[in-house]
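S.K.: Be aware that the sequence shown starts at 7, since it is given in this note's numbering, and climbs by one per residue.
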Amino acid sequence: MIAKQSVNDAIIFVDPTDNGIRVYGKWKNSYDFGVTKELFEIYDKIAGYIKKLC
Numbered sequence: 007m008i009a010k011q012s013v014n015d016a017i018i019f020v021d022p023t024d025n026g027i028r029v030y031g032k033w034k035n036s037y038d039f040g041v042t043k044e045l046f047e048i049y050d051k052i053a054g055y056i057k058k059l060c
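#1: Please list, in chain order, all residues of the same chain as Ile17 whose beta carbon is under 7 Å from its beta carbon, the five residues on each side excluded.
#2: Can you tell which of Gly26, Arg28, Ile52 has the C-alpha that lies nearest to the C-alpha of Met7?
#3: Since I believe Val41 is in contact with Val29 (beta carbons under 8 Å), could you give me their beta-carbon distance rounded to a whole number of angstroms?
#4: Which of the three DSSP states, helix, strand or coil, is assigned to Asp1?
#5: Measuring only the C-alpha atoms, how far is Glu44 from Gly54?
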């Protein structure tokens with residue numbers, strides 16, 4: 007799934023927070039902002055895998 011994304015969308019960060027984790031992509035300005043259904047599914051799968059580990 008990630009291989010089908012553009013280079014900028016395929017860069018994904020995962021950071022710990024006080025209440026869980028934060029999964030996000032490369033910063034975009036407000037005119038270019040958007041999360042596709044496929045990108046949301048990728049973020050959701052990553053979060054699901056991490057949740058299983060904890």
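Cβ atoms here follow ideal geometry from the backbone N, Cα and C, with glycine treated the same way.
M.R.: Result, derived from the coordinates:
#1: These residues qualify, in order along the chain: Gly31, Lys32.
#2: Closest by C-alpha distance to Met7, out of Gly26, Arg28, Ile52, is Ile52.
#3: Taking C-beta atoms under 8 Å as the contact rule, Val29 and Val41 fail to qualify, at a distance of about 11 Å.
#4: Because the chain here runs from 7 to 60, residue 1 falls outside it and cannot be looked at.
#5: Those two C-alpha atoms are separated by around 15 Å.
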